[in-house]
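Enquirer: Numbering (this note's numbering), first residue to last: 10 to 188.
Ideal placement from N, C-alpha and C gives every residue a C-beta, glycine not left out.
The structure displayed is predicted, hence computed values, not measured ones.
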């Protein structure tokens, strides 16, 4: 037998409403998640972007509401959407993931933590690894760093083990490793 899952795409949802990405309200996203979960028989993973909040308490509240829709997974990213300061402060970013962990605890939902430096204009592999290690320590089940196409640092830095979790870097399109 084959297992399938469905990822909810925030840009796709926004575009289907004639809006730009990141221009859909929390209530609209929650309604959308509920509708998808109720209409499919496969696990649904919600790309929940920045969690619709800045402070950890707000992230916990919104992630809790997302999990209550019946989703099987939820991802939270560290990007701010502000070109002048594209990533949340390092400590705050970790606190946000820890808060999200608290919200999914006991629900059976998977928490995916995303470090967005490569897509937000701060392509620094060492910083990305530092953030993902912190996110693993904060309780993320899965770690993701989207957006790069070439690695110029040593291939040994591509996989980093922390507390039995692997931080793996991948993207949909093929890329080359360069030593």
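Where does the unbroken beta strand (DSSP E) through residue 125 begin, and where does it stop?
Expert: From DSSP, residue 125 is part of no beta strand (DSSP E); its letter is neither H nor E.
Enquirer: Over what stretch of residues does the beta strand (DSSP E) that includes residue 84 continue unbroken?
Expert: Note, residue 84: beta strand (DSSP E), 82-86.
Enquirer: Report back the beta-carbon spacing between residue 59 and residue 103 to the nearest angstrom; my notes put them in contact at under 8 Å.
Expert: Not confirmed; about 14 Å, so no contact.
Enquirer: What are the complete beta strand (DSSP E) segments, minimum 3 residues, inside the segment 18-56?
Expert: Correct list: 53-56.
Enquirer: Quick check on residue 96: does DSSP put it in helix, strand or coil?
Expert: In this structure, residue 96 counts as strand in the three-state DSSP scheme.
Enquirer: Kindly confirm or deny that the segment 104-116 and the segment 59-69 touch, where touching means at least three C-beta pairs closer than 8 Å.
Expert: These segments touch.
Enquirer: Please state the DSSP three-state secondary structure of residue 162.
Expert: Legend: pLDDT at residue 162 = 43, less than 50; position of this residue unreliable, value from coordinates given subsequently. DSSP places residue 162 in coil when its eight states are reduced to three.
Enquirer: Taking the continuous alpha helix (DSSP H) assigned at residue 141, which residues delimit it?
Expert: 134-146 is the span of the alpha helix (DSSP H), which, as asked, contains residue 141.
Enquirer: Sorted by chain position, which residues of the same chain lie with C-beta nearer than 6 Å to residue 113's C-beta, five sequence neighbours on each side aside?
Expert: Hits under 6 Å: 76 and 120.
Enquirer: Taking the alpha helix (DSSP H) that residue 69 falls in, what are its first and last residues?
Expert: 65-76 is the span of the alpha helix (DSSP H), which, as asked, contains residue 69.
Enquirer: Quick check: what's the CA-CA separation for residue 87 versus residue 125?
Expert: Residue 87 and residue 125: Cα-Cα distance of roughly 6 Å.
Enquirer: Can residue 82 and residue 118 be called in contact, C-beta distance under 8 Å?
Expert: Going by C-beta atoms, residue 82 is nearer than 8 Å to residue 118.
Enquirer: Count the other C-beta atoms from every protein chain shown that fall within 10 angstroms of the C-beta of residue 97, then say buried if there are 16 or more, exposed otherwise.
Expert: That one is buried.
Enquirer: Can you find the residues in the same chain that come closer than 6 Å, C-beta to C-beta, to residue 130, ignoring five residues on each side of it along the sequence?
Expert: Result list for residue 130: 95, in chain order.
Enquirer: Could you pull the start and end residues of the beta strand (DSSP E) that residue 131 belongs to?
Expert: From DSSP, residue 131 is part of no beta strand (DSSP E); its letter is neither H nor E.
Enquirer: Rounded to whole angstroms, what is the Cα-Cα separation between residue 92 and residue 31?
Expert: Approximately 14 Å, taken between the alpha carbons.
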